[in-house]
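S.K.: All residue numbers for the sequence shown refer to this note's numbering, where the first residue is 60 and numbers rise by one.
For glycine and all other residues, C-beta sits at the position ideal for the given N, C-alpha and C.
All values derive from a computational prediction rather than experimental measurement.
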Amino acid sequence: DDAGRASVSPDGTRIAYIRSGSESDIWMMDANGGSPRKLLQGVPGEHVLQLQWSPDGQHVAYTKSNMEAQKADVAIEIASAEGGVPATLFAAPGLRSFCWPDDNRIVYSAEEPPPKIDMNLWEISLDRSSSKVSGQPRRITNWAGVSPLDLSVSADSKRLVFVNSGLQRELYVAENPKKGKLGTPRHLMLEGRNNLPSAWSLDGQALFFYSDRNGNWDIFRQRLQQRTAEDFVVGPGEQTQPRLTPDGSSVLYWDYMDATDGASVSMRLMRVPISGGAPEQVLESSPDAEVRCAKAHSRCILGERDRIRNELVFTDFNPAGGKTVQLLRLGADPGASPEWDLSPDGVTVAIVNLDDAKDRIRLVQLDSKATRSISLGHAKTLSGISWSADGKTWFVTSSSVRGASILNVQSNGTSLELWATSNLVDTPLTSPDDGNLAFTIVTRNSNAWLIENF
């Protein structure tokens, strides 16, 4: 009664499985439940995620991750069904699920590079004689809004079924009375697409957001009283995370082309006049980089993850010329997903989810490097943060298994719950007068899909 992630052998006589509390070990038993035995002894810190049998029933393949490693890539390993020393078959960033349709190939799903939130199907060829991969991965699908998980193939290898477990991010705006609860959030648009806000217009009457409504990420602008958005940056490739420059004359955004061959992606930070015109490149960075700008001091800050040294790196840059000056390096847990924001005066960054202290806001002055922390109590798990427009408080998202809430946090650590939901909520974004909050509500939908002749 403590078994999970079971996989039945092709001849139906044996079952490979994982036991609760020992997720690094692989066990085997007969189909009738008899003769349970340990097939493989795992390494502490490793987690077996999925099990699959080879088509001939002679081997068991499995995906494994090591969350203590500097880079938590997922690997497919293979072992004899009779036990012995396993061998690594294939490893890839973002690998999520796999199946073994025949002796010639492995089919797997992998996450697209950030900031995309989709997955697609790939295949890698196998050498029959050695059971080793050969050649480069080949993309099977180029979908948007699909996340294939729990891959399973029919006996004739012609049909593939999977669970499409997708997240839908819908954009809402709510009035912030500054005392008490938020007003009732209202849908800014009716399209069933992912719409993520990242900047307000200077007058607080319009939002810049990026959306996958065209099949790729493009940037749009919509006034609060309008029901439809206008194109702002639309074209091939991916355009995301628009941010206003300190003087409001231009918009900064990330641009990258999809890596169809599985290669790493380089993000280009672009600048385009707010009135329209040709974009110009400012700098290049890694896929998970973000920028924030503050009117005061005309300052823009680039935040990047250094995954080799496990650090979060902050750099001052000129949005007109791209000249950079590194300011600060902070240690960050390899498995953490830090969220940060720049104060309106451009002096301090506020960070959550930097380490194991999930209830803590870390405040760091960029120039003096002075640091202090604000703890909200161990009952809080903070997942997003933004400064209020007046620079005196913070809007944070607190999440749990029951849902999420938006909190307004004072400098002494006291917090007021502004709004709560049973769904997930992304980081709220306040208008220039703190009169409105924009945020996305995240819902998950799961259903079974089938494709043929893949």
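Any contact of the region 139-150 with the region 188-199, i.e. 3+ C-beta pairs under 8 Å?
M.R.: yes
S.K.: Counting pairs of beta carbons, one from the region 493-501 and one from the region 226-233, are three or more of them closer than 8 Å?
M.R.: yes
S.K.: Which of helix, strand or coil does DSSP assign to S188?
M.R.: For this step, residue 188 is matched to residue 129 along the sequence shown. Reduced to three states, the DSSP call for S188 is coil.
S.K.: V384 lies in the beta strand (DSSP E); which residues open and close that run?
M.R.: Sequence index remark: in the sequence shown, residue 384 carries index 325 (1-based). From DSSP, the beta strand (DSSP E) with V384 extends over 383-390.
S.K.: When the Cα atoms are used, what is the spatial distance from S481 to N253?
M.R.: Counting from 1 along the sequence shown, the entry for residue 481 is found at position 422. Counting from 1 along the sequence shown, the entry for residue 253 is found at position 194. Straight-line Cα distance between these residues: approximately 19 Å.
S.K.: Whole angstroms is fine: what's the gap from N201's alpha carbon to A120's?
M.R.: On the sequence shown, position 142 is the one that residue 201 refers to. On the sequence shown, position 61 is the one that residue 120 refers to. Going from the Cα of N201 to the Cα of A120 covers about 26 Å.
S.K.: Measure how close the beta-carbons of G494 and G263 come, nearest whole angstrom, since I'm counting them as under 8 Å.
M.R.: Within the sequence shown, residue 494 is the residue found at index 435, counting from 1. Within the sequence shown, residue 263 is the residue found at index 204, counting from 1. With a Cβ gap of about 7 Å, G494 and G263 count as contacting.
S.K.: At the level of alpha carbons, what is the spacing between F513 and A214?
M.R.: Here residue 513 corresponds to residue number 454 of the sequence shown, with the count starting at 1. Here residue 214 corresponds to residue number 155 of the sequence shown, with the count starting at 1. Going by the C-alpha atoms only, they are around 14 Å apart.
S.K.: Starting from the C-beta of E349, find all residues in its chain whose C-beta is less than 6 Å away, skip the five residues before and the five after it, and write them out in chain order.
M.R.: Translated into the one-based positions of the sequence shown, residue 349 becomes position 290. Answer for E349: G362, listed in chain order.
S.K.: Return the chain-ordered ranges of every alpha helix (DSSP H) run that is complete within the region 192-233 and spans a minimum of 4 residues.
M.R.: none
S.K.: Considering only residues of the region 327-391, which uninterrupted beta strand (DSSP E) runs meet the minimum length of 3 residues and lie entirely inside it, listed in chain order?
M.R.: 339-344, 349-353, 358-365, 370-376, 383-390
S.K.: Pick from E82, P236, L108: whose alpha carbon is nearest that of L210?
M.R.: In the sequence shown, residue 210 corresponds to position 151, counting from 1. Among E82, P236, L108, the Cα nearest to that of L210 is on L108.
S.K.: I'd like to know whether the C-beta of I85 is nearer than 8 Å to at least one C-beta of chain D.
M.R.: Going by chain labels, chain D is absent from the structure shown, which holds only one protein chain.
S.K.: Can you name the start and end residues of the beta strand (DSSP E) that V468 belongs to?
M.R.: Here residue 468 refers to the residue found at position 409 of the sequence shown. It spans 462-468 - the beta strand (DSSP E) in which V468 sits, taken as one unbroken run.
S.K.: Going by the beta-carbon positions, is the gap between L496 and S458 smaller than 8 Å?
M.R.: As a working mapping, residue 496 is identified with position 437 in the sequence shown. As a working mapping, residue 458 is identified with position 399 in the sequence shown. For L496 and S458, no; Cβs fall outside 8 Å.
S.K.: Have a look at A258, N504, N471 and flag the residue whose alpha-carbon is nearest the alpha-carbon of S432.
M.R.: Looking up residue 432 in the sequence shown gives position 373. Comparing Cα positions, the closest option is N471.
S.K.: How far does the beta strand (DSSP E) with F454 in it extend, from its first residue to its last?
M.R.: As a working note, residue 454 is residue 395 in the sequence shown. F454 -> beta strand (DSSP E) spans 453-459.
S.K.: Just the C-alpha distance for E297 and G274, rounded to the nearest angstrom, thanks.
M.R.: Here residue 297 refers to the residue found at position 238 when the sequence shown is read from its first residue. Here residue 274 refers to the residue found at position 215 when the sequence shown is read from its first residue. Looking at the two C-alpha atoms, the distance is approximately 10 Å.
S.K.: Contact defined as beta carbons within less than 8 Å: I believe A409 pairs with W453. What is the distance between those atoms, to the nearest angstrom?
M.R.: For the purposes of this step, residue 409 is identified with residue 350 of the sequence shown, where counting begins at 1. For the purposes of this step, residue 453 is identified with residue 394 of the sequence shown, where counting begins at 1. With a contact defined as Cβ atoms closer than 8 Å, A409 and W453 qualify at about 6 Å.
S.K.: Specify the secondary structure class of D415 as computed by DSSP and reduced to three states.
M.R.: Translated into positions along the sequence shown, residue 415 becomes position 356. D415 falls in the coil class under three-state DSSP.
S.K.: How would you call G63, buried or exposed, if buried means at least 16 neighbouring beta carbons within 10 angstroms?
M.R.: The residue labelled residue 63 in the question sits at position 4 within the sequence shown. With fewer than 16 other Cβ atoms within 10 Å, it is exposed.
S.K.: Would you decide whether D400 is buried or exposed? Buried here means 16 or more other CB atoms lie within 10 Å of its CB.
M.R.: Position 341 of the sequence shown holds residue 400. When all chains shown are included, D400 counts as buried.
S.K.: Determine the extent of the beta strand (DSSP E) in which V406 is found, giving its start and end residues.
M.R.: For the purposes of this step, residue 406 is taken as residue 347 along the sequence shown, with counting starting at 1. No beta strand (DSSP E) contains V406, which DSSP labels as neither H nor E.
S.K.: Of all the alpha helix (DSSP H) runs that stay within the bounds of the region 280-318, which reach a length of 4 or more residues?
M.R.: none
S.K.: Just reading off the beta strand (DSSP E) that G517 is part of, what are its end residues?
M.R.: Because residue 517 is not part of the residues shown, which for the chain are 60 to 513, the question remains open.
S.K.: Would you identify the three-state DSSP class for G63, choosing helix, strand or coil?
M.R.: Residue numbering aside, residue 63 sits at position 4 when the sequence shown is read from its first letter. Correct three-state label for G63: strand.
S.K.: Could you tell me the alpha carbon to alpha carbon distance between L241 and T456, rounded to whole angstroms?
M.R.: Taking the first residue of the sequence shown as position 1, residue 241 is located at position 182. Taking the first residue of the sequence shown as position 1, residue 456 is located at position 397. About 14 Å.
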